[in-house]
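Residue numbers (my numbering): -6 to 675. Data block below; observations after.
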C-alpha cells in the first residue's frame, strides 16, 4: 500500500527541513529564555509618582508626599476562613445559545488539534446525534444531518447566513475553510419557529473568527496518502481605531486513487477521484463609539473534483466544480434605550455548480450548470423587560434567484421571495430555577401560503448540578426547486407539492459536577407530506407528498476530564426512523445504533487522540432491499509541540483498514491512510 507518493516525499521533507532550520536560527525561541534580572538597560516603572528610572527609597521624599505627623495606627484585620461549596460545572461543550436558549446545544470551540483536520465534517463526526455523510473519499462531498433527519432537513448557517440552496440536497461542508472557523453551535430539534424552513432536525450555526488580540501569523503544511497535500496561512492583525483584520488562504490537493474491494470481493483501483480546493477568508471588525460593533466578513471557495460513480458503473470522465461566495455586513449594539439592543445583517450568497460527463456508463453525454444567489436582510431586537423577562423580535426578508441549465428541459430561472416575522420570549422564576421560553414565526412564501410555526419550552434546575427540560415545536421545509420543476425525462419534479410538516417533542436531563458531566435526552417527531421520488409508471419517477414518518430515538453522552492531561467522551445514539404509510420500512440511510468514543490526552509536549465510530447497518432504499454493512472507523492522532511556536502532527485514519465499506451513494471509501505535517506560529 502506498502511503505517500514518492514524487512528493523528497520535496516536502526538504521544505520541512528548511522551515525547521530557519526557525532554529530565528529569535523566536530566544523569547522563551529567561531574561536577566540585573539588566542594566531596563528601566524601572515609577511607583507612586517616583522619577522614571529610579525606585523610591523608604523614608525618602522624592516623588511622594511626606506622611502626616499624627496618623492613627491601623487595626490588624482578623483573618477568617470561608468554606466554599463545590461548584457545578457545565460540560465544556454545553453552552446556552442566544438564539435558542432552551434547546439541546453543543458548542464546539475549535482548537489547534481540530484545525489540522482537512474538513469540518471530520471535526463534527464524533459528536453525539450528528450524522456526517462523506461521499467519494479524500476531500469528497460532506453533508450533515441531525437526529435521524435528512441533510435537506438540517439548516446550515455561516454567521447567520443560510447556506442551504434553492436546489436542495443539503450543503457541502467541505466548501468551508477550517482556518476561518472559531466555533460551531449544534442546536438539536425542530427550530423552524426561530430559523424558518429546513430546520426540522436542527441547525448547524458556524461562527467565523473576528477578533485579533495580537499580531500573529500561522503557517500550516501537510502531506499524506493518495498524493495529498495541504497548505494554509492565517494572518491576525490588530489595526488602529479598535479594528481587527483576519485573513486566511488554504490550498488542498489530492489524487484520490486508492484500492478497494467491490461487492464481488475483487480488489480494484478507484479512478477519476482527484480533487483540489482553494479557499479565502477575510474579516474586518471594529467598534464605533463604544456602542456599536461593526463587521464585514467575506468567504470565497472553489472545489473541483472528479466524479467516479458507483463501483458497478464507474465513470472515467465525470467532473464536478463548485463555487461559493458569502459576504456579510453586520452592525449590532445598543439602541436608544439601555435595555434595548439590536442587530442588523445584510448578506449576499452566491453558489455555482457545473457537472459534466462526456462519456457516461450509459445514455447520452451529461452537462448541467446552476448559478444561485441569495439576497437577505435581517433585523433582530432584544428587549430586556426586567431582570427575569426577555423579549426577542425578528424580521427577515430573503430573495433567491437562480439560473439552471441542462437536462431535458429548457434553461430555467427560478425566483423565490420570503418574508418572515418571529417573536420569542424568555421568562425566569424561582430565582431563575424555572425558565419558560416560547416562539412564534409567521413566514410568507411567494408560491405557498403563510406558514405558522409555534414552539414552547420548559427548563427546571432543581439544583446547581442538574437540569431538566421539555420542548415542543412545529417545523416545516419548503420544497426545493428540483423537487418542483426538475425534468430529466424519466425523472421529474411535481409543481403541486406541499411543504413538509412535522411536530416534535424532546425530553432531557443533564448533570455535571467538577470535571464529570452526563446528558440523556429522548425525542420523537411526527412528519407528514414527506417528499419522495416514487415510480408512477414503468418509465416515470415523480416527486410526491405521499410519505408519513415517525422519527424517535435517544441520545446518551458522558464526558470526563482530568486536568489538562486526559479527556474522555462517550456518546450513544439510537434512532428509529420509519415510514408509517408504506409498509413501516426504515427511512433510507439511517443507522439504528451509533457509538462514538473519543479519548485525548498528553503530558508536556506530546498529545495523543484516539477516536472510534461504530455504526450499525442501514438501508439504501425505502424498500429495505439493499443494506450497507456495519462500519467501524478507528483513527489515531499524535501531536508533538516542543515549543509554543512549532507543532508537528501525524494522523492515521481507518486503522482497521476496512476497504469494503461504502458511503450513502454506494461510493467505496479508502482504507488506512496517513496525513502529517507541521504548524508554525510567527
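Glycine included, each C-beta is placed from N, C-alpha and C at the ideal position.
Using DSSP's beta-bridge definition, name the partner residues of residue i.
i: residue 335; result: 326, 374
i: residue 518; result: 497, 544
i: residue 628; result: 604
i: residue 155; result: 150
i: residue 382; result: 420
i: residue 216; result: 222, 669
i: residue 231; result: 237
i: residue 287; result: 279, 324
i: residue 462; result: 452, 501
i: residue 621; result: 611
i: residue 689; result: Residue numbering for the chain in the displayed model covers -6 to 675; residue 689 lies beyond these limits and cannot be assessed.
i: residue 744; result: Because the chain is modelled from -6 through 675, residue 744 falls outside the range shown and cannot be assessed.
i: residue 652; result: Answer is none; residue 652 lacks a bridge partner.
i: residue 390; result: 370, 412
Taking only three categories from DSSP, how would you classify residue i?
i: residue 661; result: strand
i: residue 38; result: Here the model assigns residue 38 a pLDDT of 42, short of 50, so the residue's position is not dependable, and the following value carries that caveat. DSSP places residue 38 in coil when its eight states are reduced to three.
i: residue 173; result: helix
i: residue 166; result: helix
i: residue 439; result: coil
i: residue 145; result: helix
i: residue 359; result: strand
i: residue 250; result: coil
i: residue 677; result: A question about residue 677 goes unanswered here, because the residues of the chain that appear run from -6 up to 675.
i: residue 537; result: strand
i: residue 126; result: strand
i: residue 529; result: strand
i: residue 306; result: coil
i: residue 411; result: strand
i: residue 81; result: With a pLDDT of 36 at residue 81, under the threshold of 50, the modelled position of this residue cannot be trusted, and the question is left open.
i: residue 345; result: strand
i: residue 369; result: strand
i: residue 76; result: With a pLDDT of only 36 at residue 76, under 50, the local geometry of the prediction cannot be trusted, and the value read off the model is given with reservation. Here residue 76 sits in coil by DSSP.
i: residue 256; result: coil
i: residue 578; result: coil
From this set, the options, which residue's C-alpha is nearest residue i's C-alpha?
i: residue 168; options: 235, 245, 212; result: 245
i: residue 608; options: 577, 124, 471, 116; result: 124
i: residue 676; options: 334, 356, 316; result: In the structure displayed, the chain extends from -6 to 675; residue 676 sits before or after that span and is not available.
i: residue 342; options: 364, 142, 176; result: 364
i: residue 305; options: 258, 521, 560; result: 258
i: residue 586; options: 593, 565, 595; result: 565
i: residue 423; options: 394, 392, 456, 408; result: 456
i: residue 138; options: 484, 158, 114; result: 114
i: residue 149; options: 219, 180, 581, 222; result: 180
i: residue 516; options: 522, 486, 462; result: 462
i: residue 522; options: 574, 620, 514; result: 574
i: residue 159; options: 177, 476, 359, 233; result: 476
i: residue 223; options: 232, 110, 558, 345; result: 110
i: residue 98; options: 156, 229, 616, 176; result: 176
Terminal residues of the continuous alpha helix (DSSP H) containing residue i?
i: residue 188; result: 185 to 188
i: residue 105; result: 105 to 108
Looking at the secondary structure, which residues open and close the beta strand (DSSP E) in which residue i lies?
i: residue 474; result: Not the beta strand (DSSP E): residue 474 falls in the alpha helix (DSSP H), residues 474 to 478.
i: residue 114; result: No beta strand (DSSP E) holds residue 114; the alpha helix (DSSP H) holding it covers 113 to 117.
i: residue 423; result: That residue, residue 423, is in no beta strand (DSSP E); it is neither H nor E in DSSP.
i: residue 567; result: 559 to 572
i: residue 586; result: 586 to 596
i: residue 677; result: The displayed coordinates of the chain run from -6 to 675. Any statement about residue 677 would go beyond what the structure contains.
i: residue 204; result: Run containing residue 204: none; DSSP gives neither H nor E here.
i: residue 613; result: Premise fails: residue 613 is in no beta strand (DSSP E) and is neither H nor E.
i: residue 102; result: 98 to 102
i: residue 354; result: Element bounds for residue 354: n/a, residue is neither H nor E.
i: residue 261; result: 260 to 262
i: residue 137; result: 134 to 139
i: residue 191; result: It is not in any beta strand (DSSP E) - residue 191 carries neither H nor E in the DSSP assignment.
i: residue 643; result: 639 to 646
Would you please state the rounded distance, in angstroms, between the beta carbons of residue i and residue j? I believe it to be under 8 Å.
i: residue 606; j: residue 118; result: 6 Å
i: residue 694; j: residue 262; result: Outside the shown range of the chain (-6 to 675) lies residue 694, about which nothing can therefore be said.
i: residue 106; j: residue 600; result: 7 Å
i: residue 189; j: residue 419; result: So it is not a contact: roughly 20 Å between Cβ atoms.
i: residue 317; j: residue 247; result: With a Cβ gap of about 19 Å, residue 317 and residue 247 do not count as contacting.
i: residue 448; j: residue 460; result: No, residue 448 and residue 460 are not in contact; Cβ-Cβ is about 19 Å, not under 8 Å.
i: residue 603; j: residue 629; result: 6 Å
i: residue 166; j: residue 108; result: The Cβ separation is near 15 Å, so there is no contact.
i: residue 130; j: residue 266; result: 6 Å
i: residue 301; j: residue 294; result: So it is not a contact: roughly 22 Å between Cβ atoms.
Please find out if some non-hydrogen atom of the ligand NAP comes closer than 7 Å to the beta-carbon of residue i.
i: residue 316; result: The ligand NAP is absent from the structure shown, which contains no ligand whatsoever.
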